[in-house]
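So the structure is just underneath, and the comments pick up after that.
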Amino acid sequence: MRYADVIIDVSIEKLDRPFSYRIPERLSGIVCVGSRVKIPFGAGNTEKKGYVTAINDEASYEPDKIKDIIDVVEGSVEAEDRSFEIAAYIKETYGGTLSQALKVVIPAKAKVKPVEIKTLVRKMERDELLALAFEAERKKQTGKSRLLNALAENDRIPSAWIAGKLRVSASTVTSIIKSGAAYYETSSEYRKPDVAEIAKTEVHSLNPEQSAVVDTVSKDMDEGHPGTYLVHGITGSGKTEVYIRLAEKTVLSGRQVIFLIPEIALTYQTLARFYAKFGDRVSVLNSSMSPGERFDQCERAKKGEIDIIIGPRSALFTPFSNIGLVIMDEEHESSYKSESTPRYHAREVAKKICSLQNAAFVMGSATPSIESYTRARAGEITLFKLNERATGGELPETDIVDLRKELSSGNRSIFSRRLKSLMDDALSRGEQIMLFLNRRGFSGQVSCRECGKVIMCPHCDVPMSLHGSSKMVCHYCGEITDKPSNCPSCGSGYLAAFKAGTEQVEERINKMYPDVKVLRMDKDTTSAKGAYDRILSAFSNGEAQILIGTQMIVKGHDFPNVTVVGVLAADLSLGVPDFRSSERTFQLLAQACGRAGRGEKPGNAVIQTYQPDHYAVKCAAAHDYEAFYEEETAFRETAGYPPSLHMLCIQLFGTNEKKTSVLAQELAGVIKSKGRIRVLGPAPANIARVKDYYRFVVYVKDPDTCVLSDIRTASEDFFKDKDMGSMFVQFDLDPMNTI
Ligand code: ADP
Ligand code: ZN
Ligand code: ZN
2 MRYADVIIDV SIEKLDRPFS YRIPERLSGI VCVGSRVKIP FGAGNTEKKG YVTAINDEAS
62 YEPDKIKDII DVVEGSVEAE DRSFEIAAYI KETYGGTLSQ ALKVVIPAKA KVKPVEIKTL
122 VRKMERDELL ALAFEAERKK QTGKSRLLNA LAENDRIPSA WIAGKLRVSA STVTSIIKSG
182 AAYYETSSEY RKPDVAEIAK TEVHSLNPEQ SAVVDTVSKD MDEGHPGTYL VHGITGSGKT
242 EVYIRLAEKT VLSGRQVIFL IPEIALTYQT LARFYAKFGD RVSVLNSSMS PGERFDQCER
302 AKKGEIDIII GPRSALFTPF SNIGLVIMDE EHESSYKSES TPRYHAREVA KKICSLQNAA
362 FVMGSATPSI ESYTRARAGE ITLFKLNERA TGGELPETDI VDLRKELSSG NRSIFSRRLK
422 SLMDDALSRG EQIMLFLNRR GFSGQVSCRE CGKVIMCPHC DVPMSLHGSS KMVCHYCGEI
482 TDKPSNCPSC GSGYLAAFKA GTEQVEERIN KMYPDVKVLR MDKDTTSAKG AYDRILSAFS
542 NGEAQILIGT QMIVKGHDFP NVTVVGVLAA DLSLGVPDFR SSERTFQLLA QACGRAGRGE
602 KPGNAVIQTY QPDHYAVKCA AAHDYEAFYE EETAFRETAG YPPSLHMLCI QLFGTNEKKT
662 SVLAQELAGV IKSKGRIRVL GPAPANIARV KDYYRFVVYV KDPDTCVLSD IRTASEDFFK
722 DKDMGSMFVQ FDLDPMNTI
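Residues in the sequence shown are numbered consecutively from 2, following the numbering used here.
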């Protein structure tokens, strides 16, 4: 008799361990490690699902109390061996249950039926068909006659043609099949993501800085000891070119490549370069794909039909058999960290996967995260610098404009005189402009000009944003209300929006330059599938001269005709109460300014700000990463933030403010009793209430992540015995976002 250890699908820590089940005779040889099975659970023998994590010859429990596995879940996808190891690592490092971690690492859980391709195949001779067509025409059955004529000229007609070009209805096709003129043939094929266009790309010979990266990584791979590498290269320095070379080398050695890229930067430009090089052997995963499309890409990877996958953090779990290289572009991006339990960071998990597979891990960025740069400095990561733009050309000349001075000299517009004059010049020369507003956040908030009251969301402690002229939206919970006509506090009729949202910028531009075509890119204009690429290609084709947008416009695309970049209000992101706000501001400003002058023409950038002396602003304008890094690490060390200390953020949510606060107090007490550990809080979170849930945070800091794991386990144990009611808790190691 054989027994299986099963991890049951639950999100309750109490049940987060394997349970033993017997494999009945009829399932022997069918159930294996990784199988998804149905099992009876608990006193009532409720049917649950779970994954088999191990198979044993002996029962680990009294054999007569062990229940049988009911069945294998039909249509389920088996977990790979590797998945369990990675899931265990994620659970251990970031918390949550093993079954939650397994859900993350198994990229496609259910089999999805393949797409059926139908083709109409002709059965009669040409003359016969033409005669029938003539007959149909006489009877004024024009659709039927069209299809019969088409069949007379073509042996096979794809069904897409019939409904599309020929505009023939399904019932007409049925009648033709009944008459014996043709039959349907079905075949299935994998869904493949469509790629807008495949660019012809030139092959460049690498410059010495690029060669150094390719040579070193290749050599380490050949010698069987690949490591972790950080390519710190300014925008346009040829990092993508380096990735392509390394990918090519890996594929030639028979291994596979995972190319991670933030979802937002997953544009046709990057894809086109990979497709041009690797054709059908490369595929993509992205969040707008259907489950069927995702499943098919995983199947293609398992069967060895593709060598390279490009996608956001979830692409890390593509079931390749022999991963040789993981690339993480824009390594500093916060979207590499998951915002739901388990809150894993793709950088750490990628490192784990690379060590399991003996693969190389290459990260790249123009503005590396403080974490990675610190590791590189300490020699844990090999650092490379690409200091030159690959196509020649210079980084743009960047001016900082003090908005207070603008105002005191009488300029009340959202455009400084410097920016306005650069824009006038660029437009007159037929060049393009990008205007960047670095946070959609609270930009549209409405306040009373008499008493200062800000209109807040009724469920969250955040201001509502004005959309159009009469609707207000909460970006945290989605609440939509009408804009009140009078102040709810003092009754004044003078309520107005703080005008600096992307829509408002567009309005101003339209007034200032009525003949200039403008495109706007933000969450509202890109919500439809494909809208993002459409706007970018329209701008790229020169259909508009000005592109206005939020941070989504600053990510890795090349617009050679852009000579002016304006950052309208750099301070919006500096004002965010988060220890990473300077880092994020520096990154955004550096990336935004890097958009100007990517072609032959030199570029100019203007940063408008109320804090012209802030080091994030000054270092970005001077394109000086090192100087920024020095200032920022000094701050992190003094204040005890990552990477100098690791930080565990424990958030407690509850609808009853008092109860939640009391429980948070108790928790902090328990943690403090564990010894000499730095504990901060509990305190209400920066946004103290979201969707009617009050939030309290406790921060625990330590140089050792293992100590923090132990604290997390101790906290989980503490909550196990509590009556939580509607309260719940979230753990976040080294959070990316503390607001
Ligand atoms: P990054 O990814 O660092 O922004 P890219 O790889 O996109 O840089 O390179 C920027 C531009 O320079 C691209 O148009 C690319 O084709 C070109 N390029 C890259 N490497 C070279 C090279 N060695 N010689 C000439 N042009 C290059
Ligand atoms: Zn008022
Ligand atoms: Zn809300």
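Note that the Cβ used here is the ideal one computed from N, Cα and C, for glycine as well.
CA-to-CA distance, residue j to residue i, given in whole angstroms
| i | j | result |
| --- | --- | --- |
| T399 | Y337 | 29 Å |
| F443 | I554 | Residue placement at F443 is flagged as unreliable, the pLDDT there being 47, under the threshold of 50; the coordinate-derived value follows with that caveat. Taking the straight line from one Cα to the other gives about 19 Å. |
| T120 | E508 | 51 Å |
| I9 | R37 | 10 Å |
| V463 | A628 | 35 Å |
| L668 | S716 | 7 Å |
| T375 | V214 | 19 Å |
| R441 | F729 | Any reading at R441 needs caution, since the residue's pLDDT is 44, under 50, leaving its predicted position unreliable; the model's value is listed next. Between R441 and F729, the C-alpha separation is close to 29 Å. |
| T98 | C33 | 22 Å |
| I24 | K92 | 27 Å |
| T217 | I371 | 24 Å |
| R256 | K278 | 16 Å |
| S29 | A302 | 28 Å |
| R677 | V708 | 11 Å |
| G35 | A88 | 12 Å |
| S414 | G312 | 41 Å |
| Q510 | S146 | Position check: residue 510 holds Ile in this sequence, whereas Gln was assumed. Whole-angstrom Cα-Cα distance: 55 Å. |
| D579 | F732 | 17 Å |
| E633 | L590 | 15 Å |
| E79 | K39 | 13 Å |
| E294 | S645 | 42 Å |
| E210 | E658 | 57 Å |
| L423 | A684 | 47 Å |
| T482 | H460 | 12 Å |
| P613 | K114 | 58 Å |
DSSP three-state assignment for residue i, whether helix, strand or coil
| i | result |
| --- | --- |
| F85 | helix |
| L653 | strand |
| V169 | coil |
| S414 | coil |
| M473 | strand |
| R441 | In this predicted model, R441 has a pLDDT of only 44, less than 50, meaning its place in the structure is not dependable enough to derive any value. |
| L272 | helix |
| Y345 | coil |
| R3 | strand |
| E136 | helix |
| F50 | According to the sequence shown, residue 50 is Lys rather than Phe. The answer is strand: DSSP assigns K50 an E or B state. |
| V741 | The requested residue 741 is not part of the displayed model; the chain covers only 2 to 740. |
| K721 | helix |
| V215 | helix |
| N487 | coil |
| L646 | coil |
| K454 | coil |
| V204 | coil |
Among the options, nearest to residue i - alpha-carbon criterion
| i | options | result |
| --- | --- | --- |
| R83 | Y62, I107 and D72 | I107 |
| K220 | D705, N208 and T251 | T251 |
| E389 | R301, A360, S238 and S490 | S238 |
| E432 | D308, T564 and N323 | T564 |
| I228 | F654, L326, S710 and L438 | The amino acid occupying residue 228 in the given sequence is Gly; Ile does not appear at that position. Closest by alpha carbon: L326. |
| F587 | T368, E93, E264 and S341 | T368 |
| S429 | M364, V517 and L357 | V517 |
| H346 | G365, I324 and L317 | L317 |
| V105 | I70, R314, G234 and T271 | R314 |
| Y533 | K421, L569, Q270 and V174 | Q270 |
| V663 | M725, A151 and M329 | M725 |
| E186 | I651, S176 and I158 | I158 |
| V699 | M290, D705, T714 and V680 | V680 |
Exposed unless 16 or more other CB atoms sit within 10 angstroms - verdict on residue i
| i | result |
| --- | --- |
| V122 | exposed |
| T526 | buried |
| F437 | buried |
| H205 | exposed |
| T739 | buried |
| D722 | exposed |
| M473 | buried |
| E63 | exposed |
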